[in-house]
Amino acid sequence: MIDTYLNFESLSTIDDEQYKEVVIEFFKKLDQLKNKGLHNDNELTRFISEKYSRISEKFEENPIYEERIQTIFPEISEHCSPPYFWDTPLNDYMKNKWGLIINDTDLQL
């Protein structure tokens with residue numbers, strides 16, 4: 000899922016509106032996994048850290064990619080300020096953290 004939504008090729012070339020759509024879709028998918036039992040634990044944090052280390056090589060090539068990844072990855076591992084994704088309903092999290100109002104069919108800013 001991370002490779003699908005947070006890969007260098009897509010995140011480094013899309014505009015801000017497309018980025019917001021990617022963020023929404025990513026967290027919707029992650030929320031589905033959370034509802035099926037995925038939770039933030041040491042294994043997930045280790046996976047995120049390893050993934051971050053591998054993709055950080057691309058940061059010098061594109062500062063926009065770096066900024067976007069450094070915004071999303073801490074949210075997954077809860078190395079950020081509240082509200083936390085893992086213990087907040089998705090709509091509340093997206094509204095309070097990202098300033099985005101979501102529903103099943105569209106995006107509102």
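Be aware that the sequence shown starts at 0, since it is given in numbering that gives the first Met the number 0, and climbs by one per residue.
Every residue, glycine too, gets a C-beta built ideally from N, C-alpha and C.
Helix, strand or coil at residue i [DSSP, three-state]
{"i": "Ile100", "result": "strand"}
{"i": "Thr87", "result": "coil"}
Rounded separation between residue i and residue j - CA only
{"i": "Leu106", "j": "Ile71", "result": "A caution first: Leu106 carries a pLDDT of 46, below 50, which makes its placement in the model too unreliable to give a value."}
{"i": "Gly36", "j": "Glu24", "result": "19 Å"}
{"i": "Tyr18", "j": "Thr12", "result": "9 Å"}
{"i": "Pro62", "j": "Ser55", "result": "11 Å"}
{"i": "Glu20", "j": "Leu32", "result": "19 Å"}
{"i": "Glu60", "j": "Asp91", "result": "34 Å"}
Sequence-distant residues of the same chain with beta carbon closer than 7 Å to residue i, five excluded per side
{"i": "Glu77", "result": "Asn39, Tyr83 and Trp85"}
{"i": "Lys57", "result": "Phe7 and Tyr64"}
{"i": "Pro73", "result": "Cys79"}
Unbroken alpha helix (DSSP H) run spanning residue i, endpoints
{"i": "Lys109", "result": "This structure cannot speak to residue 109, because the chain is shown only from 0 to 108."}
Beta-carbon contacts of residue i that lie in its chain and below 8 Å, excluding the five residues immediately before and after
{"i": "Lys28", "result": "Met0 and Tyr4"}
Sequence-distant residues of the same chain with beta carbon closer than 6 Å to residue i, five excluded per side
{"i": "Leu89", "result": "Asp30"}
Subject >> Segments of 4+ residues assigned as alpha helix (DSSP H) that fall wholly inside the stretch 3 to 79 >> reply: 7 to 10, 15 to 34, 41 to 54 and 62 to 76, all fully within the stretch 3 to 79.
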